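Position 196 of the sequence shown, counted from 1, bears residue number 196 in full-length UniProt numbering, the numbering being contiguous throughout.
All residues carry an ideal CB built from backbone N, CA and C; glycine is no exception.
What you are looking at is a predicted structure, and each value in this text was computed from that prediction instead of being measured.
Structure first, commentary second.
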Amino acid sequence: MMKVKASWSSSYSSNVLVMAAPRNLVNDSGRQRDEENAKEDSPMSKKLFGAKLDGKFPLSQWELVASLSVFLLFSIGLFCIYLTMPAAEYGKIKLPSTVSDLRILKDHLATYAKDYPAQFILGYCSTYIFMQTFMIPGTIFMSLLAGALFGVIRGLLLVVFNATAGASSCYFLSKLIGRPLLSWLWPEKLRFFQAEIAKRQEKLLNYMLFLRITPTLPNTFINLASPIVDIPFHVFFLATLVGLIPASYITVRAGLALGDLKSVKDLYDFKTLAVLFLIGFVSIFPTILKRKRTYE
Numbered sequence: 001m002m003k004v005k006a007s008w009s010s011s012y013s014s015n016v017l018v019m020a021a022p023r024n025l026v027n028d029s030g031r032q033r034d035e036e037n038a039k040e041d042s043p044m045s046k047k048l049f050g051a052k053l054d055g056k057f058p059l060s061q062w063e064l065v066a067s068l069s070v071f072l073l074f075s076i077g078l079f080c081i082y083l084t085m086p087a088a089e090y091g092k093i094k095l096p097s098t099v100s101d102l103r104i105l106k107d108h109l110a111t112y113a114k115d116y117p118a119q120f121i122l123g124y125c126s127t128y129i130f131m132q133t134f135m136i137p138g139t140i141f142m143s144l145l146a147g148a149l150f151g152v153i154r155g156l157l158l159v160v161f162n163a164t165a166g167a168s169s170c171y172f173l174s175k176l177i178g179r180p181l182l183s184w185l186w187p188e189k190l191r192f193f194q195a196e197i198a199k200r201q202e203k204l205l206n207y208m209l210f211l212r213i214t215p216t217l218p219n220t221f222i223n224l225a226s227p228i229v230d231i232p233f234h235v236f237f238l239a240t241l242v243g244l245i246p247a248s249y250i251t252v253r254a255g256l257a258l259g260d261l262k263s264v265k266d267l268y269d270f271k272t273l274a275v276l277f278l279i280g281f282v283s284i285f286p287t288i289l290k291r292k293r294t295y296e
């Protein structure tokens, strides 16, 4: 669910992802290059990566109309929900972009959430899912806000529910218009992700859990690329629902001490990242064990 996984380079992502699957890359490098060349010449690869980086906007007119229609539909629904909510005693609020903004927002919303809990939760969930669906930055502040206003248990349930719902909406949106867009924006990253998924079909759920738990790949890219590389929705959904729990717990719990938090970067220090990677490697341990037995 979390968006702390922002920009990333091909070399870093490649190294970390390959580490997730034990493989003798030195001995198998020639064979791997042959396999990748064969995939590039395959009909599926041509279909997936046929878009040329010629500077033209990749979406067709129909795809552009479809995406705008979905965005308009979600926006109208969100606006209607806001119209039904009781008026607040303070002025207009804005989505926070810093921890300082979040503290101000929390102070404004604390009484409102206590007086109108059902309406507030509806508005909160709608906003979170909207942001997650259309990849609007700031959901990490929404997760911190959940911890500050609702505590760890209720906050965690809210965040995991919203993050999973929003990621699922993004999955289906990408299934509708994502193929040409991702092939245009990140062709090499998408090709690499497709190759990694193809090698792990037997233990795909374990691998997806690893990606969700650890900050190996940005959640936004996973949401967009999963339907393009033919990850089944039930695998995507279950990996998202379970895999986002550890990071969500860290963020929600940090919301309890919002006054002591200086920056969102403080959420993920070396110790926290080490714990997440440890949990992630536990999720792929069955895959490692099975491969070891196969090689023996």
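Residue range of the alpha helix (DSSP H) that includes residue i
| i | result |
| --- | --- |
| THR127 | 117-133 |
| ALA87 | That residue, ALA87, is in no alpha helix (DSSP H); it is neither H nor E in DSSP. |
| TYR207 | 204-213 |
| SER183 | 139-185 |
| residue 299 | Absent from the structure is residue 299, since the part of the chain shown begins at 1 and ends at 296. |
| SER283 | 270-283 |
| THR220 | 219-225 |
Through-space distance from residue j to residue i, alpha-carbon basis
| i | j | result |
| --- | --- | --- |
| VAL235 | LEU204 | 8 Å |
| ASP269 | PRO96 | 22 Å |
| PHE74 | THR240 | 22 Å |
| ILE222 | ILE81 | 29 Å |
| LYS189 | LEU173 | 20 Å |
| SER169 | VAL229 | 17 Å |
| LEU176 | THR220 | 16 Å |
| GLY255 | THR164 | 20 Å |
| THR251 | SER143 | 6 Å |
| GLU196 | LEU109 | 44 Å |
| ILE136 | LEU158 | 18 Å |
| PHE192 | PHE237 | 22 Å |
| VAL242 | ARG212 | 8 Å |
| SER226 | LYS94 | 32 Å |
| VAL65 | ARG103 | 39 Å |
| LEU117 | PRO218 | Before going on, a small fix: residue 117 reads as Pro here, not Leu. The straight-line gap from Cα to Cα measures roughly 32 Å. |
| ARG154 | TRP186 | 37 Å |
| THR216 | LEU83 | 40 Å |
| GLY138 | GLN194 | 28 Å |
| VAL152 | PHE210 | 23 Å |
| SER263 | THR133 | 25 Å |
| VAL282 | ILE76 | 43 Å |
| LYS114 | ARG179 | 44 Å |
| GLN61 | PHE71 | 15 Å |
| ASP266 | ILE121 | 27 Å |
| VAL101 | SER69 | Note that residue 101 is Asp in the sequence shown, not Val. Straight-line Cα distance between these residues: approximately 32 Å. |
Neighbourhood of residue i by C-beta distance below 6 Å, restricted to the same chain and skipping five residues each side
| i | result |
| --- | --- |
| ASN162 | CYS125, TYR128, ILE129 |
| GLU63 | ILE177 |
| MET85 | GLN119, GLY123 |
| ALA88 | TYR112 |
| ILE231 | none |
| SER67 | ILE177 |
| ALA274 | none |
Close beta carbons around residue i, own chain, < 8 Å, minus the five adjacent residues each side
| i | result |
| --- | --- |
| ILE245 | LEU156, VAL160 |
| LYS106 | LEU145, ALA148, LEU149, LEU258 |
| LEU78 | SER126, THR127, PHE130 |
| SER9 | With a pLDDT of 39 at SER9, under the threshold of 50, the modelled position of that residue is not reliable, and no figure is offered here. |
| GLY166 | MET1, TYR128, ILE129, PHE130, MET131, GLN132, THR133, THR139 |
Cβ-based neighbour list, residue i, same chain, cut-off 7 Å, excluding 5 preceding and 5 following
| i | result |
| --- | --- |
| THR214 | LEU276, PHE277, GLY280 |
| LEU181 | PRO58, LEU59 |
| ASN27 | Since pLDDT at ASN27 reaches only 43, below the 50 mark, its modelled position is unreliable, and the value read off the structure follows with that caveat. Excluding sequence neighbours, ASN27 sits near nothing in its chain. |
| TYR171 | ASN223, SER226, PRO227, PHE233, PHE236 |
| LEU261 | VAL99, ALA254 |
| THR272 | ILE250 |
| GLU202 | none |
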